[in-house]
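Some notes on the structure that comes next.
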Amino acid sequence: MSKLLVKADKGHGRVAHVTPKSAGWTYVGFDLHRLNPGESASGKTEDREVCLVFVTGKGKASAGGKDLGLLGERMSPFEGKPWSVYIPQGSDWSVTADTELELAVCSAPGLGGGLPVRVIGPDDLGQEVRGKGTNTRYVTNILPEGKPADSLLVVEVITPGGHTSSYPPHKHDQDNLPAESYLEETYYHRLNPPQGFAFQRVYTDADKNGHRALDEAMAIEDGDVVLVPRGYHPCAACHGYDLYYLNVMAGPKRTWKFHNAPEHEWLMKA
């Protein structure tokens, strides 16, 4: 199995755990908690900032000494928009499930920005449609670069069955602004219906002999996490199965500037 593919555990509790150390990179962390009613997840941000995303279900949340009340409303990631909480470095947080709850914990280095804890409700979230034809997908911006944070960028995408996404292939692995930014990235995948599968390829440019330093093609199942340390990273959803993914990105500068694969850039004009 590819080292870029993290299979979430079955059952409940913390079922996926990605740290900069385990991923072999510097910035992005990602945990996924699956909780029964009454079960809790908690943590300390220490020198990192955190964005909690209520992927599905409802829970009572607190952060930074504040009671945030009952958050969450959708019971499927394929319906509506999520509730989220931004938490700065140096804070405690806790969530107790009121229903079956799937909670994503997205983290990246805090930079001492002194930002407050804030609840990000569905009404605060912008949505957009990207692409056309069988490259159409639906994007919800949870923590885009136009909203306050130190390092984190968080977004979720729904790709209908039979469509492609993160396509034409693009990358963001060079600290070369304004042309391209360096951003590590995780994809947390869900499928509807859940027995389906999709595909994701992570690959770098070929050298003069046609060899690629990184070239991994993965079959993605419901609950999988894919690591994108560098390179292009397109997805394809199979017919009959819609694909949801939650993206977490972070790097030395908080901006998303990507480079399209030159051989496929013609698709942008087709």
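Each residue of the sequence shown is one higher than the one before, starting from 793 at the first, in my numbering.
Even glycine gets a Cβ: it sits at the ideal position worked out from N, Cα and C.
- A distance below 7 Å separates the beta carbons of Y878 and C843.
- For A1029, there is no enclosing alpha helix (DSSP H); the enclosing beta strand (DSSP E) covers residues C1027 to A1029.
- CA-to-CA, the gap between P908 and G1043 works out to about 21 Å.
- Per DSSP, reduced to three states, the secondary structure at G918 is strand.
- Shown here, P908 sits in coil according to DSSP, grouped into three states, outside any helix or strand.
- With fewer than 16 other Cβ atoms from the protein chains shown falling within 10 Å of its own Cβ, Q987 counts as exposed.
- DSSP, reduced to helix, strand and coil, places L1059 within a helical segment of the structure shown.
- In its chain, beyond the 5 residues on either side, V931 have a beta carbon closer than 7 Å to the beta carbon of E920.
- Residues F991 and R993 of the same chain have their beta carbon placed closer than 7 Å to that of A1009, with the five preceding and five following residues left out of the count.
- When T1047, P985 and G1023 are compared, the shortest CA-CA separation from Y995 is found for G1023.
- If you ignore the 5 residues before and after E948, its C-beta comes within less than 8 Å of the C-beta of V845, P869, P874, V931, T932, I934, Y1036, Y1037, L1038 and N1039, all in its own chain and listed in chain order.
- Under the criterion of beta carbons closer than 8 Å, A889 and G849 qualify as touching, at roughly 6 Å.
- Assigned with DSSP and collapsed to three states, T996 falls in coil, not helix or strand.
- Inclusion of H809 and D823 in the CB contact set at 7 Å is warranted, their separation being smaller than that value.
- Excluding its 5 nearest sequence neighbours in each direction, P985 has C-beta neighbours in its own chain below 7 Å: Y1033, listed in chain order.
- Secondary structure note for K813: it is in no beta strand (DSSP E), and the uninterrupted alpha helix (DSSP H) holding it is P812 to A815.
- The C-beta of L796 has 16 or more other C-beta atoms within 10 Å across all chains shown, which makes the residue buried.
- Under DSSP, N933 forms a beta bridge with G918 and V947.
- If you draw a straight line from the Cα of G923 to the Cα of A900, it comes to about 29 Å.
- Sixteen is the threshold: since fewer than 16 other Cβ atoms of the shown chains lie within 10 Å of the Cβ of E1057, the residue is exposed.
- The straight-line gap separating the alpha-carbon atoms of E976 and W1048 is approximately 11 Å.
- With a cutoff of 7 Å on beta-carbon distance, S854 and S886 are scored as near each other.
- Shown here, P901 sits in a strand according to DSSP, grouped into three states.
- In terms of Cα proximity to R929, the closest of I950, D916 and D915 is I950.
- By the Cβ-count criterion, P961 is buried, with 16 or more other Cβ atoms from all chains shown falling within 10 Å of its own Cβ.
- The beta carbon of L1059 lies closer than 6 Å to those of P960 in the same chain, with the five residues before and after it left out.
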